[in-house]
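Below: the structure, in structure tokens.
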Amino acid sequence: LSGGMCQRIALARALALEPRLLLLDEPFSALDAQTRRLMQEQLLRAWSNSGATVLMVTHDLQEALLLADRIVLMASAPHGHIAQILEIDMPRPRLGRSEALLDLQERLDAFLTHETRLAEHF
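Going by the numbering used here, the first residue of the sequence shown is number 1, and it counts up by one from there.
Okay, structure coming up:
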């Protein structure tokens with residue numbers, strides 16, 4: 001099976017158990033861009049139908065903006081901890097270039113730049 005098909009099966013298996021909480025750790029990181037987008041859309045549909053809480057770890061800022069209601073930014077140095085929590089109060093789909101979305105993108109980029117500079121010193 002392809003990577004995308006394996007991810008679809010894994011997501012379906014997890015949701016078949018009707019969990020109240022679904023934990024996902026970089027579920028789409030190994031997928032190509034087209035398959036990743038399809039899986040993101042499938043996750044959003046499955047989430048809206050299931051009512052489960054989804055906690056997803058991602059290092060992809062665009063993915064976080066597309067999927068999240070809340071983004072928890074972790075600081076890496078010197079000890080990993082929660083640095084910021086951003087509430088995303090925007091309707092879906094979030095594929096456009098709205099001013100609010102661009103503002104959030106800039107905030108995420110600034111945080112990532114800051115963390116990268118800090119990491120250079122450790």
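Beta carbons: idealized from backbone N, C-alpha and C, even for Gly. These figures come from a predicted structure and were not determined experimentally.
Around the beta carbon of I71, 16 or more other beta carbons sit within 10 angstroms, so the residue counts as buried.
Assignment of alpha helix (DSSP H) within the stretch 29 to 102, counting only whole runs of 4 or more residues, yields 33 to 50 and 61 to 67 in chain order. Cβ neighbours of A52 within its own chain (closer than 8 Å, five residues either side excluded): L15, E18, P19, R20, L21 and L22. In the same chain as I85, and ignoring 5 residues on each side of it, the C-beta atoms closer than 8 Å to its own belong to R70, I71, V72 and L73, in chain order. A residue is called buried when at least 16 other Cβ atoms come within 10 angstroms of its Cβ; Q34 does not meet this threshold and is exposed.
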